[in-house]
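Quick notes on the structure that follows.
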Amino acid sequence: MKQSFFTIKQNDFLTDNVKKLVLVGDTSEITTPGQFINIKIDGLYLRRPISVYDWDYFSVTVIYKIVGEGTEILSQKKSGDKLDVLTGLGNGYDTSKSGNFPLLIGGGVGIPPMYGLCRKLIKENKNPTVILGFNTKDEVFCEKDFRDLGVNVIVTTVDGSYGEKGFVTDQMMKLEYSYFFTCGPMPMFNAIEKVALTSGQYSFEERMGCGFGACVGCTCKTKYGNKRICKDGPVLEREEIIW
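Using my numbering, you'd call the opening residue of the sequence shown number -16 and step up by one each time.
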C-alpha cells in the first residue's frame, strides 16, 4: 500500500451517472487486476474505494457511479486537480487457475475490474468470453473497450432494450467455460452460484472504513473464518465462501 498524490487527467461521463477517471501518478503498487484504490474526498472522513479498470506505469483508470455525497464531490473534480490516493489495496484475481477458456461476468459498476483481468488473460494466451450485465440500454458503458480487445463480448439488459434480454446467468447457462471470474452485486452472485458449473472467483463490492484491514468493518464468512474484504479480498474463491 502506498499513499501519494495523483493529478486528474480525465473525469468524463460515460452515462448519466457513471464517470471515467484517469489519474496520473505513481502506480508501482498496483500489480494485479482486481485491486482497488482508495480516494480521499474533501470534507469527508472516509475515503472512497474504487476498483481499478486499467493502469500503466504512469496512470490508473477507474470507473465509478455517482451514488452519494462522496462520489458527487469526486464527479465535480476537474483536469489538473490533485487527489490523495492509496494504491495497491486488496488481493486481485489469480489467473493461474483460469484454464484456456475463462468466463468473465461483470454486473453494472462491477464491470471495471473485468477489463484489466481480460487484458492479462489475453497476454497469457487465454481465450476469455465476457458477459456485461446492465438493467437498460442507457446504462451500458465500456462495451467497445472490451470488443477492441478481440474477445467474445455478450451484453445483456434486463429490459431487453439492448443486446440480449435477461440476466447474465441466462447467457452463462448457454456457454462452456473452464473457469469463471466475476464482480457485481450480491443478487447477481447468488444467481451465479446456483448455475455455475466450474470453480471461480468472486470480487465483492463492500462499503469500507479504512480500506486496509485495520477496522474489520467489511467481512465475509468463509470456511476459514471471517475474511476482510479490503485486505483478504476483495477477491475470494468460490469454494471458500459461506453463502
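For every residue, glycine included, the Cβ atom is placed at its ideal position computed from N, Cα and C.
All values reported here derive from a predicted model rather than from experimental measurement.
- Between the region 44 to 58 and the region -9 to 5 there are three or more inter-stretch CB-CB distances shorter than 8 Å, so the stretches are counted as touching.
- Spatial neighbours of Phe117 in its own chain (CB-CB distance under 6 Å, excluding positions within 5 residues in sequence) are listed in chain order as Val123 and Thr140.
- Per DSSP, the unbroken beta strand (DSSP E) holding Ser(-13) starts and ends at Lys(-15) to Phe(-4).
- Per DSSP, Gln184 is not a residue of any alpha helix (DSSP H); the beta strand (DSSP E) it occupies stretches across Gly183 to Phe187.
- In terms of Cα proximity to Cys101, the closest of Ile22, Arg30 and Gly17 is Gly17.
- Where Thr54 is concerned, the enclosing alpha helix (DSSP H) starts and stops at Glu52 to Ser58.
- Under DSSP, Arg31 shares a beta bridge with Ile22.
- The straight-line gap separating the alpha-carbon atoms of Glu222 and Ser182 is approximately 7 Å.
- Two segments are said to touch when three or more pairs of C-beta atoms, one from each, lie closer than 8 Å; by this definition the region 66 to 75 touches the region 18 to 38.
- The Cβ atoms of Asp142 and Thr119 lie closer than 7 Å to each other.
- Under DSSP, the beta-bridge partners assigned to Phe163 are Leu86 and Gly183.
- Boundaries of the beta strand (DSSP E) around Glu220: Val218 to Glu220.
- Distance from the CA of Tyr76 to the CA of Val113, rounded to the nearest whole angstrom, comes to 15 Å.
- Ranked by Cα distance from Phe(-4), the options Thr78, Phe(-11), Asp37 and Val5 are led by Val5.
- Here Ser79 carries a helix assignment [DSSP, helix/strand/coil].
- Ile137 and Gly146 have their C-alpha atoms spaced approximately 7 Å apart.
- In this structure, the beta-carbon distance from Gly90 to Met171 falls below 7 Å.
- For Thr54, the CB contacts under 8 Å within the same chain, skipping 5 residues up- and downstream, are Arg31, Tyr47 and Lys48 in chain order.
- For the 7 Å CB-CB criterion, Cys166 and Ser186 form a contact.
- Per the coordinates, the alpha-carbon of Glu52 lies some 31 Å from the alpha-carbon of Ile175.
- Assignment of Val123 by DSSP, reduced to helix, strand and coil, places it in the coil class.
- Between Lys109 and Asn135, the gap from beta carbon to beta carbon reaches 7 Å or more.
- With 16 or more other CB atoms across the displayed protein chains lying within 10 angstroms of its CB, Ile33 is buried.
- Assignment of Asp128 by DSSP, reduced to helix, strand and coil, places it in the helix class.
- Here the alpha carbon of Lys60 sits roughly 25 Å from the alpha carbon of Met97.
- Its Cα nearest to that of Phe41, the residue Ser11 stands out among Gly26, Ser11 and Gly99.
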